[in-house]
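Take a look at the structure set out below.
Residue numbers (the numbering used here): 7 to 177.
Encoded structure:
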């Protein structure tokens, strides 16, 4: 393949991969979530690199299958999805479009991820966060559960409009 054909193939493969949605939060693409890290060609094989939101993410197999299916639909016969765990995924990788989509669907997007150097300190108490209600915008919110429908979300209640909502945790 020539360099132009390779570049075109990578562009087409990237566009197709960027359409794949997250199985747990389908309002987000894997690209907007920051999980899709790279798209490349190795010979005739499209190589997709993903970093899951955490190493034990139960949706990883579905993400892989969805990516392979989408690329094969678009005519790419050989697709390899590789998992890269380092650097670890950060909620800072969620795009602004992704954050807006979360808010539009009643989910509070994460704030800035905590800066850490060295080992992560294990805390047994709930994490204090500044969380705004995605419905009314109030900052008067209360944590109801550190774990929501997925491990990457916590459950909150707005003390103004009284609506419950999920919050994507800062990681």
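Yeah, the Cβ is synthetic: ideal placement off N, Cα and C, and Gly gets one too. Computed from a prediction, not measured in an experiment: that's the story for all the values here.
> What whole-angstrom Cβ distance do residue 97 and residue 176 have, given they're in contact under 8 angstroms?
Replying inline: A Cβ-Cβ distance of about 5 angstroms is found for the pair residue 97 and residue 176, placing them in contact under the 8 angstroms criterion.
> Can you tell me the Cα-Cα spacing of residue 79 and residue 26, whole angstroms?
Replying inline: The alpha-carbon atoms of residue 79 and residue 26 are separated by roughly 12 angstroms.
>> Quick check: the Cα distance between residue 167 and residue 142, rounded to an integer number of angstroms?
In response: Annotation: residue 167 to residue 142 spans about 7 angstroms, alpha carbon to alpha carbon.
>> So, for residue 91: in the same chain, excluding its five sequence neighbours on each side, which residues have a beta-carbon less than 6 angstroms away from its beta-carbon?
In response: The beta carbon of residue 91 lies closer than 6 angstroms to those of 61 in the same chain, with the five residues before and after it left out.
> By DSSP, does residue 28 sit in helix, in strand, or in coil?
Replying inline: Residue 28: coil per DSSP, three-state reduction.
> Going by the CB atoms, is the gap between residue 47 and residue 73 shorter than 8 angstroms?
Replying inline: For residue 73 and residue 47, no; Cβs fall outside 8 angstroms.
> How should residue 172 be labelled, buried or exposed, when 16 other C-beta atoms within 10 angstroms of its C-beta is the threshold for buried?
Replying inline: Counting Cβ neighbours within 10 Å, residue 172 comes out buried, since at least 16 surround it.
>> In the DSSP output, what is residue 175 paired with across the bridge?
In response: Secondary-structure assignment with DSSP links residue 175 through no beta bridge to anything.
> Hey, residue 139 and residue 102: beta-carbon distance below 8 angstroms or not?
Replying inline: The criterion of a C-beta distance shorter than 8 angstroms is not satisfied by residue 139 and residue 102.
> Looking at residue 100 and residue 116, is the spacing between their C-beta atoms short of 8 angstroms?
Replying inline: Taking 8 angstroms as the Cβ cut-off, residue 116 and residue 100 qualify as a contacting pair.
> Tell me, which residues are paired with residue 162 by DSSP?
Replying inline: As a beta-bridge residue in DSSP terms, residue 162 pairs with 149, 171.
> Using a Cβ-Cβ cut-off of 7 angstroms (strictly less than) and excluding sequence neighbours within five positions of residue 30, which residues of its own chain qualify?
Replying inline: Excluding residues within five positions, the ones whose Cβ falls inside 7 angstroms are 65, 156.
>> If I follow the unbroken alpha helix (DSSP H) through residue 103, where does it start and stop?
In response: For residue 103, the enclosing alpha helix (DSSP H) stretches over residues 102-110.
> Which residues in the same chain as residue 12 place their Cβ atom closer than 7 angstroms to its Cβ, once the five residues preceding and following it in sequence are excluded?
Replying inline: 47.
> Would you report the Cα separation of residue 95 and residue 41, rounded to the nearest angstrom?
Replying inline: Going from the Cα of residue 95 to the Cα of residue 41 covers about 7 angstroms.
> Alpha carbon to alpha carbon, how far is residue 14 from residue 22?
Replying inline: Looking at the backbone, the Cα of residue 14 and that of residue 22 are separated by about 12 angstroms.
> Can you give the beta carbon distance from residue 34 to residue 107, rounded, assuming they're within the 8 angstroms contact cut?
Replying inline: Right, the Cβ-Cβ distance comes to about 6 angstroms (below 8 angstroms), so this counts as a contact.
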